[in-house]
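Novice:
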Amino acid sequence: MKNIAKKIYVALIFVFLYAPIATLMVLSFNASKTRSKWGGFTFKWYASLFRNEVILKALYNTLLIAFCSALIATVIGTIACVAMSGMHRRTKAVILGITNIPMLNAEIVTGISLMLLFISFGFKFGLGTILLAHITFNIPYVILSVMPRMKQLNPSTYEAALDLGASELTAFFQVVFPDLLPGVLSGFLMAFTMSLDDFIITHFTKGAGVDTLSTKIYTEVKKGIKPEMYALSTIIFMTVLVLLFLVNFSPSKKSAKDKIE
Numbered sequence: 022m023k024n025i026a027k028k029i030y031v032a033l034i035f036v037f038l039y040a041p042i043a044t045l046m047v048l049s050f051n052a053s054k055t056r057s058k059w060g061g062f063t064f065k066w067y068a069s070l071f072r073n074e075v076i077l078k079a080l081y082n083t084l085l086i087a088f089c090s091a092l093i094a095t096v097i098g099t100i101a102c103v104a105m106s107g108m109h110r111r112t113k114a115v116i117l118g119i120t121n122i123p124m125l126n127a128e129i130v131t132g133i134s135l136m137l138l139f140i141s142f143g144f145k146f147g148l149g150t151i152l153l154a155h156i157t158f159n160i161p162y163v164i165l166s167v168m169p170r171m172k173q174l175n176p177s178t179y180e181a182a183l184d185l186g187a188s189e190l191t192a193f194f195q196v197v198f199p200d201l202l203p204g205v206l207s208g209f210l211m212a213f214t215m216s217l218d219d220f221i222i223t224h225f226t227k228g229a230g231v232d233t234l235s236t237k238i239y240t241e242v243k244k245g246i247k248p249e250m251y252a253l254s255t256i257i258f259m260t261v262l263v264l265l266f267l268v269n270f271s272p273s274k275k276s277a278k279d280k281i282e
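Going by my numbering, the first residue of the sequence shown is number 22, and it counts up by one from there.
1) Could you check where the alpha helix (DSSP H) with I93 kicks off and where it finishes?
2) With respect to the alpha helix (DSSP H) encompassing K65, which residues constitute its N-terminal and C-terminal limits?
3) Using 8 angstroms as the cut-off, can you tell me whether the region 97-111 makes contact with the region 124-131, which would need three or more C-beta pairs spanning the two stretches below that distance?
4) Locate the alpha helix (DSSP H) running through N24, then write down its first and last residues.
5) What does the alpha-carbon distance come out to for the pair V263 and I100?
6) Do you know whose CA, among F225, K243, P169 and A192, lies nearest G98's CA?
7) Measure the alpha-carbon distance for T83 versus R72 and round it to whole angstroms.
8) In chain order, which beta strand (DSSP E) runs of at least 3 residues are fully inside the region 205-245?
9) Could you pull the DSSP bridge partners for N51 from this structure?
10) Determine, using beta carbons only, whether A252 and L70 come nearer to each other than 8 angstroms.
11) Would you tell me roughly how many angstroms separate the C-alpha atoms of E241 and V31, rounded to the nearest one?
12) Alpha helix (DSSP H) containing V145: first to last residue?
13) Assuming contact is defined by CB atoms lying nearer than 8 angstroms, are F146 and T226 in contact in what I supplied?
14) For K172 and S53, I'd like the C-alpha separation in whole angstroms.
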């Protein structure tokens, strides 16, 4: 009886989590624009999506900003972790506390603060200001991902590489960086996801005529969501799902599991 109750509980959780997504996916194939009526199966909204230059432009902006901000934030965050590893414990604790503030701070406060900062410096609002804003709030997530790997490093291996004649740069990239790589990749993916999903900070730092998917969808909601948005959301969800399967069921993962067994 207890096992049945557990299964029902887990099933209910999955229903609440994925029922809205399943509904959205079904509506993306609905020939009728009315959400309350099924008008037959169709791919016309997908065809219409790829002809909609406004949505495709917003998608391009979103992916471009997400990739660039995640890449730059990953480089800065990794360098920050390396620098903090050589600091005194109290100094490092203070800096880590400061870097955690953007994650704890309300997004609307961060968005308004960055907007006022850009206005003060006379920046022209557009893709550049969105990129700077996303880099700013992504760096703490990278540090949070890389720092645990940094703490697990054995400093003796780096020193041994220096003793064997390697330069500091060579020793770092051949000895230290491979051990940091899982944390670096995790930080990059976290930063990419956060940038892809952000709305509030983007809304306050974007310029007129510049849109990402989140701000474009918000604009469309006020006028009535077009079925093309259902199609786009379905494509994004399926892409993420396929990537998750590839990461979790890749041959390297299987071989590592076989070795453990």
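Backbone N, C-alpha and C define an ideal beta-carbon position, used for all residues, glycine too.
Every value quoted in this text rests on a predicted model; they were computed, and no experiment measured them.
Specialist: Checking against the coordinates, here is how it stands:
1) E74 to S106
2) K65 to L70
3) no
4) K23 to L48
5) 32 angstroms
6) P169
7) When only Cα atoms are considered, T83 and R72 end up about 18 angstroms apart.
8) none
9) F62
10) yes
11) 35 angstroms
12) According to the sequence provided, residue 145 is Lys. The question's Val does not apply to it. Element bounds for K145: n/a, residue is neither H nor E.
13) yes
14) 56 angstroms
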